[in-house]
Amino acid sequence: DAGVIQSPRHEVTEMGQEVTLRCKPISGHNSLFWYRQTMMRGLELLIYFNNNVPIDDSGMPEDRFSAKMPNASFSTLKIQPSEPRDSAVYFCASSPRQENEKLFFGSGTQLSVL
Amino acid sequence: GESVGLHLPTLSVQEGDNSIINCAYSNSASDYFIWYKQESGKGPQFIIDIRSNMDKRQGQRVTVLLNKTVKHLSLQIAATQPGDSAVYFCAENITHAGNNRKLIWGLGTSLAVNP
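So the protein lines, in turn, are chains A and B.
Using the numbering used here, the letters of the first sequence correspond one by one to residues 517 to 630.
Using the numbering used here, the letters of the second sequence correspond one by one to residues 32 to 146.
Printed below as a string of structure tokens:
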């Protein structure tokens, strides 16, 4: 099992640019989560999907953030336009139907917005 | 309000000793608790979980204790090894309006194992 796969591993961009983060959940998992981690705020849930449908996006900071899950094996988190305060590690996680509270995390994308 | 906090932000132990990491939670309606381990440069990794109808659960070298009376959760690691060095997070799962279940995360405790 390859686990949750995220890309890119690192992203450095300039303020105002569009950033797209990608995630491939574990095959067979029906829930997918996007988290942001910073030293100041810890782990924050941005949005999660059940069966490709967004269930709770209350953690999305503002309209500059959007997430999609076009199919069960792929999700994107987009920031447009990006700002320096968006710099963080963004994690994707998935969970199986039987134990949807047990999350399996990817290795994260380290985003730096200059 | 809903919050999960940690008593000790950092913990340093000698290799071979037992480690105890503590966590306080505030929502008495929380019914499920999880401990995660995060190594440097990696995502959090599930360690052990416990439901609110239990007081104790044991895994391999790890034990989680739940005291609902004082809303306290602890993770005990036996015979701590250098590979146990990481940040440990506790999280509580609560049900929000609309049957929406959500994990609330603590800020983490950094465990350093000295050889």
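Ideal Cβ placement from N, Cα and C applies to all residues, glycine included.
Could you tell me whether any Cβ in chain A is nearer than 8 Å to the Cβ of residue i?
| i | result |
| --- | --- |
| G90(B) | no |
| L104(B) | no |
| G36(B) | Confidence is the limiting factor: at G36(B) the pLDDT is only 44, short of 50, which leaves the residue's position unreliable, though a coordinate-based value still follows. So no, G36(B) is outside the interface. |
| L119(B) | The sequence shown places Tyr at residue 119(B), not Leu. No, because no Cβ of chain A sits closer than 8 Å to the Cβ of Y119(B). |
| Y56(B) | no |
| K133(B) | yes |
| E33(B) | Unreliable positioning characterises E33(B) in this predicted model, as indicated by a pLDDT of 38, which lies under 50. The coordinate reading is nonetheless provided below. With 8 Å as the cut-off, E33(B) does not count as an interface residue toward chain A. |
| L142(B) | no |
| S83(B) | no |
Just to make sure I have the definition right: I need the residues of chain B whose C-beta is within less than 9 Å of the C-beta of residue i. Which are they?
| i | result |
| --- | --- |
| M621(A) | Note that residue 621(A) is Phe in the sequence shown here, rather than Met. Here the neighbours are Y67, Q69, K73, G74, P75, Q76, F77. |
| G624(A) | G72, K73, G74 |
Interface residues of chain A around residue i at Cβ under 7 Å?
| i | result |
| --- | --- |
| G47(B) | Per Cβ cutoff of 7 Å: no residues; G47(B) is ~29 Å from chain A at best. |
| L138(B) | G558 |
Could you tell me which residues DSSP puts in a beta bridge with residue i?
| i | result |
| --- | --- |
| L97(B) | L104(B) |
| H526(A) | Q626(A) |
| E123(B) | F64(B), I135(B) |
| K594(A) | T536(A), S582(A) |
| T111(B) | Answer by DSSP bridge pairing: none, since T111(B) is not bridged. |
| G575(A) | According to DSSP, G575(A) bridges with nothing at all. |
| R82(B) | Y63(B) |
| I521(A) | K540(A) |
| K87(B) | L96(B) |
| S71(B) | DSSP, once it has assigned bridges, lists no residue as partnering S71(B). |
Using beta-carbon positions only, say whether residue i and residue j come within less than 8 Å of one another.
| i | j | result |
| --- | --- | --- |
| R633(A) | Y606(A) | One cannot answer for residue 633(A) here, as it falls past the ends of chain A, which runs 517 to 630. |
| S623(A) | K73(B) | yes |
| W550(A) | A588(A) | no |
| L106(B) | V95(B) | yes |
| T529(A) | V535(A) | yes |
| D579(A) | I563(A) | no |
| L548(A) | C608(A) | yes |
| T522(A) | T625(A) | First, the residue type needs correcting, since residue 522(A) is Gln and not Thr in the sequence shown. Their beta carbons are under 8 Å apart, which means Q522(A) touches T625(A) by this criterion. |
| H545(A) | S591(A) | no |
| E46(B) | T100(B) | no |
| E123(B) | F64(B) | yes |
| W66(B) | I51(B) | no |
| A60(B) | I125(B) | yes |
| F120(B) | Q69(B) | yes |
| A109(B) | R132(B) | no |
Could you list which residues in chain A have their beta carbon closer than 8 Å to that of residue i, in chain order?
| i | result |
| --- | --- |
| D80(B) | E617, K618 |
| G114(B) | Under the 8 Å cutoff, chain A gives no residues; its nearest Cβ is about 18 Å from G114(B). |
Are the C-beta of residue i and some C-beta of chain B separated by less than 8 Å?
| i | result |
| --- | --- |
| D573(A) | no |
| L627(A) | no |
| G544(A) | no |
| F565(A) | no |
| L593(A) | no |
| F607(A) | yes |
| L561(A) | yes |
Output, in chain order, the set of chain A residues within a Cβ distance shorter than 9 Å of residue i.
| i | result |
| --- | --- |
| N124(B) | E617 |
Would you kindly report the start and end of the unbroken beta strand (DSSP E) that includes residue i?
| i | result |
| --- | --- |
| M585(A) | 581-587 |
| N49(B) | Neither: N49(B) is in no beta strand (DSSP E) and is coded neither H nor E. |
| L142(B) | 140-145 |
| L562(A) | 558-566 |
| L548(A) | 547-554 |
| S611(A) | 604-611 |
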